[in-house]
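Visitor:
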Amino acid sequence: MSLDKIVHLILYSIFTFLLANGYIKHQKGNLNLLNKFIILTVGIIFGGLSEIAQTFLVVNRSGNLYDFIANVIGCTLGLTIFLVISKRN
Numbered sequence: 056m057s058l059d060k061i062v063h064l065i066l067y068s069i070f071t072f073l074l075a076n077g078y079i080k081h082q083k084g085n086l087n088l089l090n091k092f093i094i095l096t097v098g099i100i101f102g103g104l105s106e107i108a109q110t111f112l113v114v115n116r117s118g119n120l121y122d123f124i125a126n127v128i129g130c131t132l133g134l135t136i137f138l139v140i141s142k143r144n
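Below, the structure written as structure tokens:
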């Protein structure tokens with residue numbers, strides 16, 4: 056795995072972790088299955104749109120399927136880490 060993919064994975068893990076944390080603080084409650092799905096979906100859509108934007112809107116940049124896959128894995132990892140940490144607290 057290249058450094059670029061690791062960076063994507065880490066950034067999207069942090070993004071999704073913070074998204075879940077913000078949701079919990081805003082709602083003052085627990086995440087149910089629908090909320091987890093929505094948080095994960097928002098992260099994945101954002102990751103996909105960023106790759107599409109790089110392809111069509113940014114000069115000298117191109118979207119990459121493997122970057123998107125790293126984004127998806129990062130989103131899943133970030134939500135998983137959040138759930139593990141929040142269960143401990």
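So the sequence shown is residues 56 to 144, counted in this note's numbering.
All C-beta atoms in this analysis are idealised placements derived from N, C-alpha and C, irrespective of residue type, glycine included.
What you are looking at is a predicted structure, and each value in this text was computed from that prediction instead of being measured.
With distances taken Cα to Cα, identify the nearest neighbour of ILE100 among LYS80, THR131, ASN76.
Guide: When only C-alpha atoms are compared, the closest one is THR131.
Visitor: Can you give me the Cβ contacts of ILE136 inside the same chain, cut-off strictly under 8 Å, excluding the 5 residues immediately before and after it?
Guide: Excluding sequence neighbours, ILE136 sits near SER68, PHE72.
Visitor: For SER117, which residues from the same chain have a beta carbon less than 7 Å from its beta carbon, with the 5 sequence-adjacent residues on both sides left out?
Guide: Excluding residues within five positions, the ones whose Cβ falls inside 7 Å are GLN109, THR110.
Visitor: Relative to the C-alpha of LEU138, which candidate in LEU86, ASN126, GLY77 has its C-alpha closest?
Guide: Closest by alpha carbon: LEU86.
Visitor: Helix, strand or coil: which one does DSSP assign to ASN87?
Guide: Looking at ASN87 - three-state DSSP - the assignment turns out to be coil, as it is neither helix nor strand.
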